[in-house]
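To start, the structure under review is shown below, and the notes come after it.
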Amino acid sequence: MLEKAVPIIEKTGVKIIGLKDRYAKIVMPFETNINHIGIMYGGSLFILAEFSGGVIYYVSFDSSKFFPIVKEVSIRYRRPAMTDVTLEVALEEEEVQEIQEAADREGKKDWVMDLELKDANGEVCSVVHGTWQLRKFPDKE
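For the sequence shown, the positions run 334 to 474 when the numbering used here is used.
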């Protein structure tokens with residue numbers, strides 16, 4: 334479902350393989366994301382990381398009051414990925430509550446996540462630092 338929200342994300346073949354309250358596990362398939370030298374395309378790894386912010390929003394925040402945007406994402410490619418790549422993302426209940434309360438009061442609130450993208454052997458192939466923002470929908474009158 335979420336994988337189809339943005340057409341370019343769907344084209345990568347990314348799949349959410351675990352989803353529960355404040356947690357998601359997402360996999361980027363190798364076969365549909367191979368670059369010109371036979372490793373996973375760096376842009377696909379970036380998409381996996383950026384997409385995780387929207388997925389964790391979906392299982393953490395009140396979507397009737399708030400929406401997410403990405404503000405900044407940096408990725409460090411530590412080693413070539415030559416298998417499917419998996420990312421796990423989670424937020425603590427207290428963090429979600431704090432972010433949501435601040436966004437409700439101030440109209441928006443940033444949250445930061447540090448993520449690891451791992452190959453099929455559990456080796457970290459990329460590390461990501463990102464800032465997302467929860468924004469309150471304008472009041473409808």
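Note that beta-carbon positions come from the ideal geometry of N, C-alpha and C, so glycine has one too.
Residue i by DSSP, collapsed to three states: which one?
i, result
"R355", "coil"
"K410", "One point to set straight first is that residue 410 is Tyr, not Lys, in the sequence displayed. Three-state DSSP puts Y410 in a strand."
"F394", "coil"
"F363", "coil"
"I432", "helix"
"I349", "strand"
"I372", "coil"
On the DSSP letters alone, give me the boundaries of the beta strand (DSSP E) that residue i sits inside.
i, result
"E449", "441-451"
"V460", "457-469"
"V422", "418-423"
What whole-angstrom Cβ distance do residue i and residue j have, given they're in contact under 8 Å?
i, j, result
"K442", "A453", "Between A453 and K442 the Cβ distance is about 36 Å, and since that is not below 8 Å, they are no contact."
"I350", "V360", "5 Å"
Have a look at residue i and residue j and give me their C-alpha separation to the nearest angstrom.
i, j, result
"K398", "V392", "14 Å"
"P362", "P401", "25 Å"
"Y334", "V388", "A quick correction: the sequence has Met, not Tyr, at residue 334. Each residue's Cα considered, the two are about 10 Å apart."
Does residue i pass the burial test, meaning 16 or more other C-beta atoms within 10 Å, or should it be called exposed?
i, result
"E474", "Bear in mind that the predicted position of E474 carries a pLDDT of just 45, short of 50, making it unreliable; the figure below should be weighed with that in mind. By the neighbour-count rule (16 or more Cβ atoms within 10 Å), E474 is not buried but exposed."
"N368", "exposed"
"V461", "buried"
"A382", "buried"
Go to residue i, then tell me how far its alpha helix (DSSP H) extends in each direction, as first and last residue.
i, result
"E343", "340-345"
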